[in-house]
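Working notes for the structure below.
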Amino acid sequence: MKIFSQLDLIAAHKWRRATFTTYSFSASFTEAVLVEALLRQSVSDITILTDPLGYRMALKERGAVRIGREYAVHPVAARAGCFHPKLMVLESDDATHATVGSGNLTFGGWSANLECLDHVHANGMALAVGDLGRFFTVLGTAQTCEHDARTLCEALGARLSASAAAGRDEGSVRIISSMEAPIAEQLTSAAKAIGGARSLSIASPYWDAVAIEELADALGVAHVEAHVPRTRVPAPKDMDWPRRSAIVRPVELTNLVGQDEAKRGLHAKIIEIGCAEGRLILSGSANATSAGLLYGGAGVRNVELCTLRVDRRTGHRWKFTAVKAPPKQAVSLEDDDDGAAETGILVAAHTDGGIHGRILTPWRTEQAVVTMELNRRPIDLGTVAIKDGKFSIPMEKLDQQAELSLEGRIQLRLVSGEGIAEGFVIAPDFGSIKSRAGKALPSMLAVMRGMQTPEHVLALMEFVRTNPEILNVEPIIASRGTGSQQKRPDPLVDAARVGTGQLGGAEHSGGNEDSGGGDAGKEERAWRQFVARFLRSMATATPAAEDDEDEADRSERVRRQRNANATDKLSLRLPELFQKLAGQVDNDVKLMNVARIIRFICVTTEDPATESLLSRILRLAEDIELGGEARAMMAWCIAYLAAGGTEFDAAKARGRMLKLGIDPDCLPDDQWALPGLVDFMAPGTDALDTLKAIQAARTIYDDVRALETALEAGQFPSRLTVLPLHEMWPQLLDQCQREAGKRRVQFVEHPVKACRRCSIAIPDEEANRLRSTGLCEARCHGFILTRNP
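The sequence shown begins at 18 in this note's numbering and counts up by one.
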């Protein structure tokens, strides 16, 4: 027999997607061997469809931790039987290959057992690939199966059909399934097409006499050669051999008793039908049982998938020798008796707004108690409502760590009386996120969990430096609450707000311009949502707590030395990073994200350049139009600098606010604060107290505004505190006391270089005076006063 390794096929090309179907499912084996091989090929979309039995097997395997993150598992429940196909589909942009066989996703199916599989592709077997496309299309809409992967199946079916349409076919290979008609019925039709059956030979691990005899009768053959394996796998009771059939002749098929084959337990299912004009060879998932061969279409029991090869050469038959029938097996394959089969199954996805799921097995009650297990840590989520099997767990019910965890295993358990349902929570787009984030992903996840180290910060600085486009993603930040304010729930990012451009409503979202449709658009939206959550975490992350150093622990000393080395590199690289990010700022979304990134780096490393960098951020803000949220964030930055006292005092801080269009008499919304900065810039101070001091301070610009308002009302302000201290106040006072038509006084929004009335340039000395003191005198039209710095 020709030995073929599916792992070799995986390693042969840069695939993009991989889809598998299986009955039994070992998650730990799959992760250690299969998923690892796929990830090495940069496969970002891995999906497994399995029977509920396989799904329950995976739920018990606590060592499998990648489910739902690096690959998705969907249970498919055949209502009258089991979901039994064993299939692998590998897709790239330029190729589609598949294997159809008998091996499950287990160690036995991929290594220990003797299995049979066929390798098909569109270059010569286009019809077979088209048959696969039809199988998934039918599975996507089949009412005989209960599952939550219908959209996925239909999309895969369409891609396979398109691949087949672009290929070529040599006419010798087809793929048949029990979804359309019984396997036995399709075999009978195929045999008639090449002259009718003359012989029937079968190798199978499981049998029943009724299936064998009905197939033989339909084909019109009198005897069946049945292979007796030298090594058998356990079979259900009385199904290891068709002892009740009088037409069975026990034989050894020569190709199945070689030195290597004989040592392996036979799990392959192969049928050869000799015909007048050639022969048919069927291989795949269908056992020689009634459920495997006799039921299909609307009456399907087991969902089976097989390859049917047509060999039109005459005289080519399997060779075999007569042997004795095997003895009854001492050990039978029985159903587990631990009650696991009675546990219901559910599917759930961690998407916008929380966790949304559905119970696939019958469920009677309208509510259940929910427990979420995150990396083996149980979290009680209280009670959830259930309607038509569907349920939603809003984000505010989730532990913050659970919300932000994108690695590890998340499992749900719903309990109501005696009813129990369990299932995995998947993050559908984790594969594409991992591909985009690359080596920075562990550091990004560390920030989301508040466990970042200086080494993580260094890695993220490099990521931001090489991916400046993330500055255009708008995060949604939750209020942290100050004073009596309460902490508000932090929802997942709304895709409609993860966009580009200026902050604001839907008109500024930019989310639909380049996201597109299909896989590319879906992956782009997922990436933006992830980046938004990452930026949101950067705005609140605090330094990871350091444990007491154990001088005797060498690994601890090494770790601390690595952190110290990373911190030194941070200080050297931060100015360059800021310079690059500053060059990208052309709207307030980018400005705020730069502020979050700089805040994150400075707070987690207590960088001494913090005050200087904040001042430079404020200078950037002078050159762009600020929305309300950006003005609030800049107000907090000004307060932090004023609290430090080295940049400016409360009065100058008030002037900076006025210059940026910020109302200094209104407290900025605390959800746009950058917490942690004031704690090391000005230990022991409170930014709110500083803001109140700024409110109480007076500037010349406040007096200018008061003077303008009073003069327009035909009055003179009674309380001016700063303007009367100006050296030009006596001359200005004289002008202000004149009649309105004779005053030589004009007010401007910001310092100007020319008279607004006649456009004559102001002498440099006076222009500098206006810019620095808020007041100057132009020879042409008298005094010029500015409302803002």
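Positions of the beta carbon are idealized from the N, C-alpha and C atoms, including for glycine.
Please read these numbers as outputs of a predicted model, since none were measured by experiment.
Counted as a single uninterrupted DSSP element, the beta strand (DSSP E) harbouring A402 occupies residues 394–402. By the Cβ neighbour-count rule, Q578 is exposed, with fewer than 16 other Cβ atoms within 10 Å of its own.
Rounded to whole angstroms, the gap between the alpha carbons of S43 and G212 is 43 angstroms.
The DSSP-derived three-state label of A94 is strand.
S61 places its beta carbon less than 8 angstroms from that of S452.
When rounded, the separation of the alpha-carbon atoms in E278 and T248 is 9 angstroms.
Per DSSP, the unbroken alpha helix (DSSP H) holding E783 starts and ends at 781–790. For A757 and S776, the gap between their C-alpha atoms comes out near 22 angstroms.
P411: member of the beta strand (DSSP E) spanning 407–411, first to last residue.
Shown here, Q754 sits in coil according to DSSP, grouped into three states, outside any helix or strand. With contacts defined by Cβ atoms closer than 8 angstroms, T382 and S433 form a contacting pair.
Relative to the Cα of L635, the nearest Cα in the group M651, S789, E623, G645 belongs to M651. Note that the C-beta distance between A243 and P259 is below 8 angstroms. Rounded to the nearest angstrom, the Cβ distance from S194 to E321 is 6 angstroms, consistent with a contact under 8 angstroms. With fewer than 16 other beta carbons inside 10 angstroms of its own, V575 counts as exposed. According to the DSSP assignment, D328 belongs to no alpha helix (DSSP H) but to the beta strand (DSSP E) extending over 322–328. Closest in alpha carbon position to P395, among R430, H367, I410, I372, is R430. For L589, the number of other beta carbons within 10 angstroms of its own is below 16, and it is reported as exposed.
Pairwise C-beta distances place the segment 205–220 out of contact with the segment 151–163, as fewer than three of them are shorter than 8 angstroms. Assigned with DSSP and collapsed to three states, E472 falls in helix. Our two residues, G291 and D234, have alpha carbons roughly 15 angstroms apart in a direct line. For S449, the secondary structure class from DSSP, reduced to helix, strand or coil, is helix. Contact between the segment 708–724 and the segment 664–674 is present: 3 or more CB-CB pairs across the two stretches fall below 8 angstroms. Note on geometry: alpha-carbon atoms of G371 and P411 lie some 5 angstroms from one another. With respect to T64, A89 sits close: the two C-beta atoms are nearer than 8 angstroms. One alpha carbon belongs to A649, the other to W689, and they sit about 6 angstroms apart. Fully contained in the segment 188–228 are the following alpha helix (DSSP H) runs of length 4 or more, in chain order: 200–210. If you look at I427, you'll find it in the beta strand (DSSP E) that goes 427–433. In this structure, V117 and V137 form a Cβ contact; the two beta carbons are roughly 7 angstroms apart against a cut-off of 8 angstroms.
In the three-state DSSP reduction, A699 falls in the coil class, being neither helix nor strand. Secondary structure of M745 (DSSP, three-state): coil. Within the same chain, Cβ atoms closer than 8 angstroms to the Cβ of L325 are found at V190, R191, I192, I193, Q203, L204, A207, L297, I298, L299, the five residues on either side in sequence being excluded. Per DSSP, V611 is one residue of the alpha helix (DSSP H) stretching across 605–622. Counting along the chain, the unbroken beta strand (DSSP E) around Q384 starts and ends at 384–391. The continuous alpha helix (DSSP H) containing D148 extends over residues 143–158. Distance from the CA of L691 to the CA of D680, rounded to the nearest whole angstrom, comes to 19 angstroms.
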